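Step one of this worksheet: look at the structure below.
Residue numbers (my numbering): 1 to 128.
Here it is, written out as structure tokens:
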């Protein structure tokens, strides 16, 4: 079984941009969010989870690019009938969301020791 990480990497890049970086890059993005209707603001806040938003990004990227994260889903058995393509897209988006969550957890696992090292270095330099 093979995995294509393209959609997950693009989705992860979008997640980093929209949920991690744009809110820090000045007040214009936060002001823009404030202009959105309340249901969209709530949706933005609730989609901070990379798995949750990863599912929807996975669906969108699959539709836009035609790429499959799990190519084996292209050929579901015939007994699924007309529901097969919808089920395949759904499952593929779940795999994309799962990979995005694993990327987030991996980045957090790497970042914590790096932050501790940076803090210790800063304290050591400040103590000189």
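Where a beta carbon is used, it is the ideal one built from N, C-alpha and C, also for glycine. Keep in mind that this is a model prediction, so the values were computed, not measured.
How is residue i classed by DSSP in three states: helix, strand or coil?
i	result
residue 52	helix
residue 25	coil
residue 97	helix
residue 1	coil
residue 65	helix
residue 47	coil
residue 33	helix
residue 107	helix
residue 77	coil
residue 17	helix
residue 9	helix
residue 91	helix
residue 70	coil
Can you tell me whether residue i is buried or exposed, with buried defined as 16 or more other CB within 10 angstroms of its CB?
i	result
residue 23	exposed
residue 131	Outside the displayed range of the chain (1 to 128) lies residue 131, so it cannot be described from this structure.
residue 86	exposed
residue 120	exposed
Cα separation between residue i and residue j?
i	j	result
residue 115	residue 79	52 Å
residue 40	residue 3	33 Å
residue 63	residue 26	32 Å
residue 112	residue 122	15 Å
residue 12	residue 50	8 Å
residue 83	residue 118	52 Å
residue 59	residue 70	13 Å
residue 104	residue 125	31 Å
residue 21	residue 44	14 Å
residue 109	residue 46	23 Å
residue 5	residue 19	20 Å
Decide yes or no for the touch test of the segment 94-104 against the segment 47-66: beta carbon pairs closer than 8 Å, at least 3 of them. yes
Count the C-beta pairs between the segment 69-79 and the segment 27-34 that are closer than 8 Å, then say yes if the count reaches three, no if not. no
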